[in-house]
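Numbering (the numbering used here), first residue to last: 84 to 526. Beta carbons are placed, not taken as given, at the ideal position from N, Cα and C, and that holds for glycine.
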């Protein structure tokens, strides 16, 4: 639960320096932009739209590597674990209403150096997330068009649409798109499962467990780990809720839906397609079914990409214009900067996706370095910081079980970070050795 404390917020002119100040967004009737408008229901939809996206498409291949039993256990475990760390993160946000993003949280934990590191990490991961959705959108368009157009053109077209989704200044403007996104990604998964069931792979191999090396096993583990890696956006989403204390309801909806949907989708696809299932799994379906599933999921990729790029832009925008008129009213400077930031986020992601042949592998490195820390490791730090700050050592000593869990989240995040980075780097090395790396700007 959030920790009760006296109001010690600094004067308004210090709010840019201290995220412990009053709420990051001020609400006044004369404002043109009202940020604190989201209900917990819409926040849950936006969370699902962002997290349950192209990440689920790699889960069936994890079952092919380690078997059904270990993979399902991992999917369920990390879903429950992510719910726990979400609670720690939400409590931290309620204790520090001025925290808008991971950079602000870093300032609370370790001053300006931590703020810059975590802000940079959040923007890098958000841009990589945008690039990942752009690649998924390009892949979907290629499948739908029978590869009749250069992939670069398809990616640029999808990037332009993604920019339009990112442009609204407040998240309530895209809240209904979250509902559409959730419906479509769910329907896409159902269509894929039906397609797999109607067209099972003959003489397929299905294994309860599969003996494998540490490298292959951890490579499979990263799929369910990173499928839940959306906590880096939680502070931003909660900041725009009209009742932030309801955020845990949104987290429950997210993790319940994601965990059940991930498990059902991964098991059904694997059972019917066997250990030859591709990643993304839709590529293993017959062409007509792949087109149907990709076509339905296309809008989800678009909306998730827009949310990622919106996040990257808003971190900088709020940093520059917090407590200024440009934040709340229509000003030429405010709109120029906002549009430029959104364009830059999408443009950088597009350039990386087109010009860097190993970009898909770099996404894995970014996820290992930042997503594991944001989703798991830092949550333990948040709990320890606030428990000590508001109660000292006696408070920590009275909660040994919670201390152990907090330390476990920190160690787990560090382990996933190091091991995931190692696996991602080895993947790049293997890809070069096997000649799988293409050329920049190639169709």
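Exercise for review: Measuring alpha carbon to alpha carbon, tell me which of 386, 467, 476 and 396 ends up nearest residue 137.
Suggested key: 386
Exercise for review: Would you decide whether residue 305 is buried or exposed? Buried here means 16 or more other CB atoms lie within 10 Å of its CB.
Suggested key: buried
Review point. Residue 217 bridges to which residues according to DSSP?
Key: Looking at the DSSP assignment, residue 217 forms no beta bridge with any residue, so it has no partner.
Check your understanding: Between 191, 347, 446 and 240, which lies nearest to residue 465 when the distance is taken from Cα to Cα?
Key -> 191
Review point. When we look at the beta-carbon of residue 219 and count the other beta-carbons within 10 Å, is it buried (16 or more) or exposed?
Key: buried
Point to revise | Sequence-distant residues of its chain with Cβ nearer than 6 Å to residue 395 (five each side left out) | key: 206, 209, 210 and 428
Check your understanding: Are there three or more Cβ pairs, one per stretch, closer than 8 Å when the segment 444-452 is compared with the segment 507-524?
Key -> yes
Review point. What does a CB cutoff of less than 7 Å around residue 227 pick up in its chain, not counting 5 residues either side in sequence?
Key: 374, 377 and 378
**Study point:** Residue nearest to residue 299 in terms of C-alpha spacing, selected from 502, 472, 412 and 164
**Key:** 502
Check your understanding: What did DSSP end up calling residue 452 once you bin it into helix, strand or coil?
Key -> helix
Check your understanding: When the distance is taken between beta carbons, is residue 433 closer than 8 Å to residue 223?
Key -> no
Point to revise | Selected residue, minimal CA-CA separation from residue 288, among 430, 332, 148 and 262 | key: 148
Practice item. Decide yes or no for the touch test of the segment 453-464 against the segment 479-499: beta carbon pairs closer than 8 Å, at least 3 of them. Key: yes
Exercise for review: Could you check if residue 484 is buried or exposed, using at least 16 other CB atoms within 10 Å of its CB as the buried criterion?
Suggested key: exposed
**Study point:** Spatially closest choice to residue 244 from 400, 213 and 404, by CA coordinates
**Key:** 213
Exercise for review: Give the range of the alpha helix (DSSP H) segment to which residue 478 is assigned.
Suggested key: 461-480
Exercise for review: For the alpha helix (DSSP H) holding residue 133, just list the boundary residues, first then last.
Suggested key: 123-134
Check your understanding: In whole angstroms, what is the alpha-carbon distance linking residue 284 and residue 293?
Key -> 19 Å
Review point. Counting pairs of beta carbons, one from the segment 340-353 and one from the segment 269-276, are three or more of them closer than 8 Å?
Key: yes
Review point. Rounded to a whole number of angstroms, what is the C-alpha to C-alpha distance between residue 98 and residue 174?
Key: In this predicted model, residue 98 has a pLDDT of only 39, less than 50, meaning its place in the structure is not dependable; the value taken from the coordinates is given anyway. When rounded, the distance between both Cα atoms is 20 Å.
Practice item. Quick one: residues in its chain with C-beta nearer than 7 Å to the C-beta of residue 440, no 5 flanking neighbours on either side, listed in chain order? Key: 520, 521, 522 and 523
Exercise for review: Whole angstroms is fine: what's the gap from residue 534's alpha carbon to residue 353's?
Suggested key: Because residue 534 is not part of the residues shown, which for the chain are 84 to 526, the question remains open.
Check your understanding: To which residues does DSSP link residue 185 through a beta bridge?
Key -> The partner list for residue 185 (beta bridge, DSSP) is empty, contrary to what the question assumes.
Exercise for review: Give the single residue among 106, 526 and 356 whose Cα lies nearest to the Cα of residue 184.
Suggested key: 106
Review point. Do you know offhand how far residue 337's Cα is from residue 127's?
Key: 6 Å
Check your understanding: Beta carbon of residue 146: closer than 7 Å to some heavy atom of the ligand FAD?
Key -> As far as ligands go, the structure on display features none, and thus does not contain the ligand FAD.
Review point. Near residue 201, which residues of its chain fall below 6 Å by C-beta distance, leaving aside the five closest residues on each side in sequence?
Key: 185, 186 and 189
Point to revise | Rounded separation between residue 526 and residue 135 - CA only | key: 28 Å
**Study point:** Cβ pair residue 463, residue 492 closer than 8 Å
**Key:** yes
Review point. Can the beta-carbon of residue 162 be found less than 8 Å from the beta-carbon of residue 359?
Key: no
Check your understanding: Which residues in the same chain as residue 259 place their Cβ atom closer than 6 Å to its Cβ, once the five residues preceding and following it in sequence are excluded?
Key -> none
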